[in-house]
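Participant:
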Amino acid sequence: MSAAAAAAASAANPASRCNSANSSSSGNESSLLSRQITVAQPMQPPSRYESQKRRDWNTFGQYLRNHRPPLTLNRCSGANVLEFLRYLDQFGKTKVHTQMCPFFGHPHPPAPCPCPLRQAWGSLDALIGRLRAAFEENGGPPETNPFGARAVRLYLREVRDAQAKARGIAYEKKKRKRPQQQEASSNTDLNSIQVNGGLVMVDSSDHGRPSMIPLSVLN
């Protein structure tokens, strides 16, 4: 009986080894397939906005390290942000005329002048927006965000108004478009409007019955 059992065990070992080899081969194939899928689907590169935001954040961090005395981010205030914005003016490319300049308020000066170059208001405004978002993305609490300080907002407003006068350019805010339903209600002072072919059925609160007006009146 012992010889028969040993023979049976020796006959079963090749089968078990074969099953083990097959399972190992299957696992290797699935692992290789997963790696191929990962290689076939590379990560999307960051957007232009995200790349610029990262560069701005690194630039501000370098400014804090070079500050005398050095500053840490948790001790940074709105006053330090204003220092940073004034520091950037030396790299500006926008001509801002002084009041003594004959081209003050001229949008297209006919000749060069010695007026200084500054950072444009639009560039500073966009920069503060990116840094404000980066501050919170890097763990900063919104309530202590130095880029959203009132002093920073006032400074940007002063720069906008001063550059608008010096350059003769009006900065106007983009008006938000109201929903069509709200515009129709405010323009016609009606409760409900129902289009029927080329005419409009009007149900006004001042009249008990609907009336018909041409559709062209609302265009």
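All residue numbers for the sequence shown refer to the working numbering, where the first residue is 919 and numbers rise by one. Where is the CB? At the ideal position from N, CA and C, for every residue including glycine. These figures come from a predicted structure and were not determined experimentally.
Looking at Arg1085 and Pro985, is the spacing between their C-beta atoms short of 8 Å?
Facilitator: One-based indexing of the sequence shown puts residue 985 at position 67. One-based indexing of the sequence shown puts residue 1085 at position 167. According to the sequence provided, residue 985 is His. The question's Pro does not apply to it. Result no, Cβ atoms of His985 and Arg1085 do not sit closer than 8 Å.
Participant: Could you give the distance in angstroms between the alpha-carbon of Cys1033 and the alpha-carbon of Lys1013?
Facilitator: As a working note, residue 1033 is residue 115 in the sequence shown. As a working note, residue 1013 is residue 95 in the sequence shown. Roughly 7 Å between the two C-alpha positions.
Participant: If you pair each beta-carbon of the segment 991 to 1009 with each one of the segment 1019 to 1028, do three or more pairs fall below 8 Å?
Facilitator: Because the criterion of three Cβ pairs below 8 Å is not met, the segment 991 to 1009 and the segment 1019 to 1028 do not touch.
Participant: Would the beta-carbon of Asp1007 fall within 8 Å of that of Arg1036?
Facilitator: Position 89 of the sequence shown, counted from the first residue, corresponds to residue 1007. Position 118 of the sequence shown, counted from the first residue, corresponds to residue 1036. Cβ distance < 8 Å, so Asp1007 and Arg1036 count as in contact.
Participant: Express the C-alpha separation of Phe978 and Gly1040 in angstroms, rounding to a whole number.
Facilitator: The sequence position of residue 1040 within the sequence shown is 122, counting from 1. The sequence position of residue 978 within the sequence shown is 60, counting from 1. Going from the Cα of Gly1040 to the Cα of Phe978 covers about 18 Å.
Participant: Spell out the partners DSSP gives Thr1012 in its beta bridges.
Facilitator: If you number the sequence shown from 1, residue 1012 lands on position 94. In the DSSP output, where bridge partners are listed per residue, Thr1012 has Arg1036.
Participant: What residue range does the alpha helix (DSSP H) around Asp1079 cover?
Facilitator: As a working note, residue 1079 is residue 161 in the sequence shown. Residues 1068 to 1085.
Participant: Could you tell me whether any Cβ in chain D is nearer than 8 Å to the Cβ of Cys994?
Facilitator: Of the protein chains in this structure there is only one, and it is not chain D.
Participant: With a CB to CB cut of under 7 Å and the five nearest residues on each side skipped, what residues in its chain are close to Pro1060?
Facilitator: Indexing the sequence shown from 1 puts residue 1060 at position 142. Glu1054.
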